[in-house]
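Right, one structure below, let's go through it.
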Amino acid sequence: MGCSRSLILFINLAITSNLVALIIAQDDDASCTERADYCWKCTDGATYTPGDMYQVNLKSLLSSFSSNTQNNYGFYNSSMGKHPNNVNGIALCRGDLSQDLCQACLNTSIGRVLQTCSTQKEAIFWAERCMVRYSYNLIYGIEKQYPVKYVPGAEFLDNPQPFQPVLDYLLHNLSDRAASSLKKFAAGHATVPGAETIYALVQCTPDIDKKNCSNCLKESILEIERCCGGKKGGRVLKPSCSFRYEINSFFLPTANSLVDIPASDPAPAPKEEKKKSNIKQIVITIVVVLVAFVTILSSICIFLRLTKRRVKLDEDENSKEINLVESLQYDFETIRSATDDFSDANKLGRGGFGAVYKGRLLNGQPIAVKRLSKYSEQGDREFKNEVMLLALLQHRNLVRLLGFCLKTDERLLIYEYVPNTSLDHFIFDTNNHEHLDWETRYKIIGGIARGILYLHEDSRVRIIHRDLKTSNILLDEDMNPKIADFGMARLFAIDQTQGDTRTVRGTYGYMAPEYVIHGRISVKMDVFSFGVLVLEIVSGKKIGSFRYGENEVDLLTYAWRNWREDTIENIIDPVLTASSRIETMRCIHIGLLCVQENVVDRPTVASVVSMLNSQSLALSVPSQPAFYIHYKTGSDISTLTESDQSKSLSSRLKFSDSYCFQFEIRNERNSNRSAVIIVMPTVGLVIIVIIIGVILRMRKPKKHVESRSAESLQFDFGTIRAATDNFSDSNKLGQDGFGAVYQACQWARKIAVKRLSRDSRQGDQEFKNEVLLVTKLQHQNLVRLLGFCLEGNERLLVYEFVPNASLDQFIFDFGMARLFVVDQNQGDTSRIVGTYGCMAPEYVYHGKFSVKSYVFSFGVLVLEICSGHKNSSFHINGKQRIFLAIYAWINWREETALNLLDSTLMATVSKAEILRCIHIGHSLNLPIPSAPAFFAHSSMDLKYNSGLKQSSRSRSAEISENEASITELYAR
């Protein structure tokens, strides 16, 4: 029974796919007047009611085209209104027309299209000299070749044989010229030997790039035979490109518009394969597809009966794709109750994919709930993306995901509640922005930079956010920034720095030029967005256009012009005090470095963090920012010269601080629409094969799921004992103060198992501490905790296996770690636990521990790495024993610091780098290092004793040799 239903279903799919192929294959479906001086296509589907807001916006948009007297090379684009009544429009005049002729054609066309397509929300109208197109969808920058209209001439050629090669040669040459020009227009003529002269004109809409323009025109040229074979003239009309040819001149002899192309030796035109009868193709295709479907489905039925297994699919398949965070799932009714049934009173705002509500759980915890729109095209994908990413991320400058909810068509993300909402509510609000003093703004800039640094370099995966903007920066009660909305984030391997995409999504003004134009994704695109954020925070102005004198400028243009004219103070928000001018100007400098047009010139986020943390670090001179618009004082900013456009990546995009757009970057095209009938069924077959593969994959028993929720971290003791061969000495990697470490093999991967000593006084406490801390940490330089085991007296910690043992890039032992609140920097303890030589003096003597305790230990590590010696005592020249810190200090004072260098590095290391590291190891950012802690004077140092007073010495102690790694001291 199941096989019969499946068979019927797939036969229906086969018939449907072929019908779709037939519909798509009907290219020439636009309408024309009798003389073909006007053609149009009113798209079926979405309509509007006369008098509603969509019609108002449409008329306003088209009116702006007909009344626009600026020299825009005959190309106009704009948008009007907000969703769901937004209208996007494009108007294009033939490239040889004057401004007056262009306006006359547009006025006529606009009146006709409103009359012809009186209720359709999407239409295109072609006149002989211009084109008008509008839609409720985004159309700017998107190459489109459908609908298409063929307009053949009335007369046939006497001798088409020599005519066609010359025509093809002419059109291909003009296409190359048009694609490479700013106007995307070219016209010219060529003479057929002993016969007619052919006049031709090709044109693309200037919003598409060279590659897409060339592709559109050349595919259109391949359709000449279908359109106008054997005719003396003809036109092929498409939304993104068009061409026309005649044997009489039909265009104006405008300067630089005519090119005489020699036709003495025309290149052979691409030859189309001879086409079979359409009816025969359709019959053969349907028969082949149906036979293939029946064969495949029969195989599936046989397989199902032989195996006698049924795959039970979960009602919500989406939940299977998020096994990483199964324990984070909330009940929908709980969230609905917490938000008072998503009341408008609890609505915090609306993002690109849905609304955000404030709520409170039964335990009193405040939450923020992001409810994805049911009608969002990106909803499902961005939902899964955001859950998967945020579950992997832990950083104080990233918003924390508490959980999610999946119920039929409901998609909810539950975040920690951030009381001060987003940055744009402060920085751009006339009342609130005065409360943002410079210290707060500087803290916000630094926090954003650290958050991006974590995403790019410090998390276990490299993540590019792609939508950094003020509305996605949340502020907590202490005005600490938290980066939010990872719906469009892109996941990279840790050693991957760039990639490509066909779909460009983002917010006007914040997107890097290489991303907008070429779809190129890299870490530098987040740097660009950060630079825009910095300029907005410092200036208090939005990236979108604002009035400046008689001109309307965008923030990048405004900032760059003031930078060049040495009037930087014009950029700074007037509410900021003069005492902060040096830091604010430095931040403007950093912001301009981040928004440079050349991606190579932009700094990395790590460099930006260093620039912000070190005022002494020299900054390079910034170059011109991307999308910089050249203008003269008193002139209209939207009037651009051709030379201006060639100098920079200028943009005619209408800026909006909240409007999120996307367009497709097409890299591949079907060679000819006549192939659609064959391609569509083929694609259908491929899809069916993929479906079969997915079904077979789902039927396999699930083995190990690597990513487990926090609740599933506990391992069975018997499993670990078997994996370590009963804790065999042959698998023992080493021993530390709290127990031994063993290597093991589990699920075809290596793991490291730390078995805490049963006799350790610290064992239980350190075990709980380590599990508590490490499960909260996610960083590529911290060892990853895979799980733990509690059984009787056994305490096991299961880590990822690090093949190079100790002292590699991983910080391993968290057994003695102490958890502080984020703004706490020191504390006390009654028990001193640690390793000789690595403990700071204030910790050893007074039990005082702070972040500087780590700094001291880090300095010891630096000296050990540089020298290759342990910190404990060692022999010098086979005679005297001395401690590393003392040996390093003596050589530093005698200016023989290179004696400390490991002899194996002498020939390969940079002397300047090693001296700098030794300096850091001694002083850790002090300008001149003083004597190290626990400094014990030896016979080597006698000549310095007279120059030192006892009161000025650091704590010294008579230390006996002890190779033990752990010591306990108790504070008095």
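Mapping of the sequence shown onto UniProt numbering: residues 1 to 972, in sequence order. Beta carbons are placed, not taken as given, at the ideal position from N, Cα and C, and that holds for glycine.
Check	Outcome
Just confirm the distance between the C-beta atoms of Leu884 and Asn871, as a whole number of angstroms; I'd bet it's less than 8 Å.	5 Å
Thinking just about the alpha-carbon of each residue, which of Val608, Gln735, Ala46, Ile284 is nearest to the one in Ala618?	Val608
For the candidate residues His83, Thr191, Val534, whose alpha-carbon lies nearest to that of Asn248?	Thr191
If you draw a straight line from the alpha carbon of Glu155 to that of Ser242, how long is it in whole angstroms?	21 Å
What do you reckon, are the CB atoms on Asn897 and Ile920 nearer than 9 Å?	Residue 897 is actually Ala in this sequence, not Asn. Not a contact, by the Cβ cut-off of 9 Å.
Just the Cα atoms here: how many angstroms apart are Lys231 and Ser66?	35 Å
With a 10 Å radius around its C-beta and 16 neighbouring C-beta atoms as the bar for buried, classify Lys274 as buried or exposed.	Residue placement at Lys274 cannot be trusted, given a pLDDT of 40 that sits under 50; what the coordinates show is reported in the next sentence. So Lys274 counts as exposed.
Taking Thr49 as the reference, which of Ala559, Trp126, Ser118 has the closest Cα?	Ser118
Out of Val151, Ser857, Ser757, which has the shortest C-alpha to C-alpha gap to Glu225?	Val151
Would you tell me roughly how many angstroms separate the C-alpha atoms of Asn397 and Asn77, rounded to the nearest one?	39 Å
Would you kindly check if the distance between the Cβ of Pro419 and the Cβ of Gly451 is under 9 Å?	no
Please name the residue or residues paired with Arg225 in a DSSP beta bridge.	A small fix is needed here, since residue 225 is Glu in this sequence, not Arg. Glu225 is not bridged to any residue.
In the DSSP assignment, find the unbroken beta strand (DSSP E) run with Ala355 in it and report its ends.	354-360
Looking at C-alpha atoms only, which residue of Glu457, Phe293, Asn431, Asp437 is the closest neighbour of His395?	Glu457
Mapping DSSP to helix, strand and coil, what is Tyr454?	helix
Quick one: any contact between the region 177-196 and the region 98-113, if contact means 3 or more CB pairs under 8 Å?	no
What does the alpha-carbon distance come out to for the pair Met131 and Ile414?	48 Å
To the nearest angstrom, how far is it from the Cα of Val909 to the Cα of Gly868?	14 Å
Name the DSSP bridge partner or partners of Cys204?	Cys241
When you compare the region 468-482 with the region 420-433, are there three or more beta-carbon pairs, one atom per stretch, that lie closer than 8 Å?	yes
I need the straight-line Cα distance from Leu535 to Glu246, nearest angstrom please.	54 Å
Enumerate in chain order the residues of its own chain whose CB-to-CB distance from Arg360 is below 8 Å, with the five nearest sequence positions on each side excluded.	Ala338, Pro366, Ile367
Three or more beta-carbon pairs under 8 Å between the region 567-576 and the region 511-524, yes or no?	no
What would DSSP say about Leu138, mapped onto helix, strand or coil?	coil
Rounded to whole angstroms, how far is the Cβ of Ala195 from the Cβ of Pro162, which I believe are closer than 8 Å?	6 Å
Ignoring anything shorter than 3 residues, give me the beta strand (DSSP E) runs that lie fully in the UniProt domain "Gnk2-homologous" (36-139), in order along the chain.	38-42, 75-80, 87-93, 123-127, 130-135
Who pairs with Ile296 in a beta bridge, going by DSSP?	BP columns for Ile296 are empty, so no partner.
Using only CA atoms, which one of Glu410, Asn793, Tyr515, Ala907 lies nearest to Lys370?	Glu410
For a minimum of 3 consecutive residues, which ranges assigned as the beta strand (DSSP E) are wholly contained in the region 501-538?	503-507, 520-522
The alpha helix (DSSP H) spanning Lys852 covers which residue range?	851-867
Measure the alpha-carbon distance for Leu782 versus Ser459 and round it to whole angstroms.	10 Å
So, helix, strand or coil for residue 982, using DSSP?	With the chain represented from 1 up to 972, any question about residue 982 goes unanswered, as that position is not in the structure.
Which residues in the same chain have their Cβ closer than 8 Å to the Cβ of His435, if we skip the five residues on either side of it in sequence?	Phe426
Mapping DSSP to helix, strand and coil, what is residue 976?	The structure shown does not extend to residue 976, since the chain is modelled only from 1 to 972, so the question has no answer here.
Using a Cβ-Cβ cutoff of less than 8 Å, which residues in the same chain neighbour Leu555 once the five nearest sequence positions on both sides are dropped?	Gly509, Val532, Leu535, Glu536, Ser539, Lys541, Lys542, Ile543, Gly544, Phe546
Measure the Cβ-Cβ separation of Asn107 and Val87 and say whether it is below 9 Å.	no
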